[in-house]
Every structure is written in C-alpha cells, then in structure tokens.
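Residue numbers (the working numbering): 17 to 194. Take a look at the structure below.
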C-alpha cells in the first residue's frame with residue numbers, strides 16, 4: 017500500500033477506530049496500541065484494489081482486539097465511559113462549531129450524551145459493539161455484518177435487542193428524554 021493512501025486512511029479513520037477499540041477493550045492505552053497494530057497490519061497486507069477499506073479496517077480491529085483479550089485472559093472491564101465520552105465530546109465540539117447553539121443547549125446535549133454512553137457501557141458486549149458501529153461510525157447493516165462476520169439479519173436482531181435493553185437501562189436510571 018502506498019504511503020499517501022495509508023496517511024489518508026489514517027486521517028479518516030484513526031479516531032473512530034480508537035473509539036471502537038476502546039468500546040471493546042475499555043482501556044484507552046490498550047485501544048491506542050491496538051489501533052497502531054491495525055494500521056501496521058494495513059501497511060503490511062492491505063491490497064490497493066480492496067473495495068471497502070473501512071469495513072476491512074474494522075474487521076482487522078475487531079480481530080486484533082479479540083486476540084489481545086484472549087491472549088491476556090482479559091474480560092471487558094467495567095468503566096465509567098469517560099474516555100469514550102471524551103472522544104465523542106471532541107467530535108461533537110467540532111460539529112458544534114457549525115451550529116450557533118447557545119451554551120445551555122450545548123451543555124444539555126453533552127449531558128445527554130454522557131448519560132447515553134454510561135448506559136451503553138452496561139450493555140452486553142455484542143449489543144454494545146453493534147450499536148457503536150451503527151450509531152457512532154454510521155456503518156450500514158451490511159458493513160457491520162462484514163466487520164463482525166455475522167449475517168445481516170443477526171445484526172438487525174442484535175441492534176433491536178440492544179436498543180430495547182438500552183431503553184430499559186435509561187428508563188431505570190430516570191433518563192426518559194434521551
């Protein structure tokens with residue numbers, strides 16, 4: 017793979033891949049290391065004629081993270097979601113520059129996001145992973161299916177169950193307005 021193409025892919029996908037890896041391993045330092053491994057693998061093995069770089073990168077990220085966790089006997093540790101919240105906050109701040117909301121609206125939006133991410137942290141691993149891919153990376157069902165190596169119908173079922181579970185968690189915590 018040529019250097020310019022790798023730099024372009026890195027610029028486009030590094031932050032969202034790091035966020036995705038964090039959602040799997042729940043450790044910011046490990047997610048950063050694993051993200052670097054993904055790009056090393058891309059440099060070493062991705063063909064220039066590959067048709068869907070993004071899905072391939074996510075598939076590699078998923079596999080590298082799962083292998084890391086198996087190798088190290090790690091379960092997904094619980095976390096308050098501060099790193100994921102911080103990453104999304106930075107992305108949203110960039111988007112906020114496009115909108116002229118008043119400070120109170122921005123504060124309320126951030127608080128809702130923080131509550132949503134904390135609730136998502138409580139979802140089972142595969143449900144959380146599907147919802148992260150669907151809503152925070154904007155992947156379509158077919159791409160998620162390719163990344164996770166499951167059928168598109170299963171992606172839809174898992175997403176539906178995840179949304180229902182997330183709604184229960186949010187309602188139990190008293191967040192009816194998200």
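Glycine residues also receive a C-beta, built at the ideal position from the N, C-alpha and C atoms. Just so we're clear, the structure is a prediction, and the values are computed from it rather than from any experiment.
Approximately 7 Å separates the beta-carbon atoms of residue 153 and residue 36; this is inside 8 Å, confirming the contact.
If you keep only unbroken alpha helix (DSSP H) runs of at least 4 residues inside the region 20-62, you get 44-61. For residue 139, the secondary structure class from DSSP, reduced to helix, strand or coil, is coil. Inclusion of residue 58 and residue 162 in the CB contact set at 8 Å is not warranted, their separation being larger than that value.
By the Cβ rule, the region 74-87 counts as touching the region 159-173, because three or more pairs are nearer than 8 Å.
Rounded to the nearest whole angstrom, the C-alpha separation of residue 20 and residue 52 is 17 Å. The beta carbon of residue 32 is closer than 7 Å to those of 153 in its chain, skipping five residues each way along the sequence. No Cβ-Cβ contact shorter than 8 Å links residue 182 with residue 150. Where residue 175 is concerned, the enclosing alpha helix (DSSP H) starts and stops at 168-188. Here residue 142 is not near residue 185, since their CB atoms are 8 Å or more apart. About 5 Å separates the CB atoms of residue 47 and residue 34; that is less than 8 Å, so the two are in contact.
In this structure, the alpha-carbon of residue 179 lies about 31 Å from that of residue 67.
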